[in-house]
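Residue numbers (numbering that gives the first Met the number 0): 0 to 169.
Beta carbons: idealized from backbone N, C-alpha and C, even for Gly.
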Amino acid sequence: MTDSTDSNHGHEQTRLLPKSISKWLSLGVFLVISGAAITIGQFYPPDAWFDSLAKPFFNPPSWVFPVVWTPLYMLIAISGWLLWRHAPKSLAMGFWGAQMILNVLWTIVFFGYHRPGWALIEIVLLWSAIGATILSARSASRTAAILFLPYWVWVGFATLLNAAFWWLNR
0 MTDSTDSNHG HEQTRLLPKS ISKWLSLGVF LVISGAAITI GQFYPPDAWF DSLAKPFFNP
60 PSWVFPVVWT PLYMLIAISG WLLWRHAPKS LAMGFWGAQM ILNVLWTIVF FGYHRPGWAL
120 IEIVLLWSAI GATILSARSA SRTAAILFLP YWVWVGFATL LNAAFWWLNR
């Protein structure tokens, strides 16, 4: 570790790590956060209850979900990292954190508690939080906002899928 000072809008700031190392270390933190969401989801896999549900005609095959979610979680991490670098105390960063929590909670409610109706309410909140992240991120990092768009679209589809599961199995 080095101890150097850096000018930050006229204020002196002491750095424990060089800026380049700190930048990549912070990206690692966001990748770990996204990885933790994936890991928590692994504790709630589809089970016999899910297999017994009536499924809508547009339900994708099971192999599609990890293929889609893996790059989405990478985009979520990069977007969060960009927001943190450009506006760490912003409303967008707050929405980013909220959507991460809601993302994890949906899996627990749907697959863990087997509550498609409650999960539908939860995923609408998640989709809204993702949209709020996009809208509030535009001024801090247009790239961060754009990186969230595929996630917002996918969760929109997942919301329709969740609604269909609830409707067909009520």
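- For Ser140, there is no enclosing alpha helix (DSSP H), since its DSSP letter is neither H nor E.
- Between the region 24-36 and the region 94-108 there are three or more inter-stretch CB-CB distances shorter than 8 Å, so the stretches are counted as touching.
- A straight-line Cα-Cα distance of about 15 Å links Ala131 and Lys88.
- Following the DSSP letters along the chain, one finds Tyr72 inside the alpha helix (DSSP H) bounded by residues 63-85.
- For Gly130, the enclosing alpha helix (DSSP H) starts and ends at 115-136.
- Taking the Cα of Ser25 as reference, the smallest distance to any Cα among Met73, Leu148, Leu81, Phe156 is reached at Leu81.
- Shown here for Gly111: same chain residues with a beta carbon closer than 7 Å to its own, the five before and five after excluded, namely Tyr43 in chain order.
- Setting aside the 5 residues that flank it on each side, Asp46 is surrounded in the same chain by Phe110, each with a C-beta closer than 8 Å to its C-beta; the list follows chain order.
- Residue state for Asp50 is assigned as helix, using DSSP reduced to three classes.
- With a beta-carbon spacing of about 27 Å, Trp95 and Gly116 fall beyond the 8 Å limit used to define contacts.
- Under the DSSP assignment, Asn102 falls in the alpha helix (DSSP H) whose first and last residues are 90-106.
- A straight line joining the alpha-carbon of Val154 with that of Gly27 spans about 24 Å.
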